[in-house]
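Trainee: So that we are looking at the same thing, I have put the structure below in structure tokens.
Numbering (the numbering used here), first residue to last: 293 to 421.
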């Protein structure tokens, strides 16, 4: 009995060495190949929207009014609201460091610590955080 068990293990290992291990494992999948894969590979990479840099509430003069401004990374985009729950206006800059502008007379220059904001109907406001 002591001789049979090691020889039985040796025979089973010998049988396993006969398997063809040069091939990789066969992968079975139910996912069909993407028909647009080649077309998608040719497209230009997508630019993600910028992340928020600062969300600031400004106190602006003259008039002691509030302005709610969201600055984005890249310094090319800002959102301006005149009311906390109001509709935001998107202002964009052609290059980083230039004034943010939007149609209708909106203009913003400055940083999250202090800015000059021009609003239609209110004129030019000097704002501090």
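Note that beta-carbon positions come from the ideal geometry of N, C-alpha and C, so glycine has one too.
1. Look up residue 319 in the DSSP assignment and say whether it is helix, strand or coil.
2. Quick one: give me the first and last residue of the beta strand (DSSP E) that residue 359 is part of.
3. Go through its chain and collect everything with a Cβ distance to residue 381's Cβ below 6 Å, but skip five positions before and after it.
4. Mind pulling the beta strand (DSSP E) runs of 3 or more residues that sit fully within the segment 359–418?
5. Examine chain C for any beta-carbon lying closer than 8 Å to the beta-carbon of residue 360, and answer yes or no.
6. Taking 8 Å as the cut-off, decide whether the C-beta atoms of residue 400 and residue 352 are in contact.
7. Can you check whether the CB of residue 360 is closer than 8 Å to the CB of residue 342?
8. Alpha helix (DSSP H) containing residue 333: first to last residue?
9. For my contact list, residue 362 and residue 344 are in at a C-beta cut-off of 8 Å; report their separation, rounded to the angstrom.
10. Thinking just about the alpha-carbon of each residue, which of 325, 369, 299 is nearest to the one in residue 385?
11. Am I right that residue 377 and residue 411 are in contact with their C-beta atoms under 8 Å? What's the rounded C-beta distance?
Mentor: In brief:
1. coil
2. 357–364
3. 372, 394, 398
4. 369–373, 381–384, 392–394, 398–403, 406–411
5. Looking for chain C here will not work: only one protein chain is present.
6. no
7. no
8. 329–334
9. 6 Å
10. 369
11. Actually they are not in contact, since the Cβ atoms of residue 377 and residue 411 sit about 17 Å apart, beyond 8 Å.
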